[in-house]
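103 is the number that the working numbering gives to position 113 of the sequence shown; each next residue is one higher, with no gaps.
Cβ atoms here follow ideal geometry from the backbone N, Cα and C, with glycine treated the same way.
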Amino acid sequence: MLMRTDPFRELDRLTQQLMGPGTWSRPSAMPMDAYREGDEYVVAFDLPGVSAEAIDIDVERNMLTVKAERRPAAKAADVQMELSERPLGVFSRQIVLADTLDTEHIEAHYDAGVLILRIPIAERAKPRKISIGVGTGHKEISG
């Protein structure tokens, strides 16, 4: 029900390490987990150090796009950076959602640096019982 559109994620991660932070025109990929829990899909994105206001979530047809920006922390004038390994810049991820998911009722929750999206399965995609009618006679079609 969930399709990944990023087959080169590991290559993107290595490239990002070599080329530096992402920009709005060339964002870096963000790590995620996706799984089914009951009647909904859950997608969790790791965004440590990103404020909720810096996260943008869009759905257009079946394309889910999550973009976030981590800016450098404000430092006093007399601070000298000794080591900087935490990635900064723009992060983005796009996921193609199956037609069986209800994109009108996606819920988003952000806590402790993890963005969690809950996407319900559409009613039309859930299993259902079909009742069988019992007929007492035959109808003849004339033409």
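C-alpha of P21 to C-alpha of E75: approximately 16 Å in a straight line.
Contact check between the segment 53 to 73 and the segment 116 to 123: fewer than three CB pairs, one atom from each, fall below 8 Å, which does not count as touching.
When only Cα atoms are considered, S18 and L78 end up about 9 Å apart. Its Cα nearest to that of R51, the residue I85 stands out among A98, S121, I85 and V104.
For K119, there is no enclosing beta strand (DSSP E), as DSSP marks it with neither H nor E. Using a Cβ-Cβ distance cut-off of 8 Å, the segment 35 to 45 and the segment 99 to 112 are in contact, since at least three pairs of beta carbons, one from each stretch, lie closer than that value. Going by C-alpha positions, V49 is about 41 Å away from A67.
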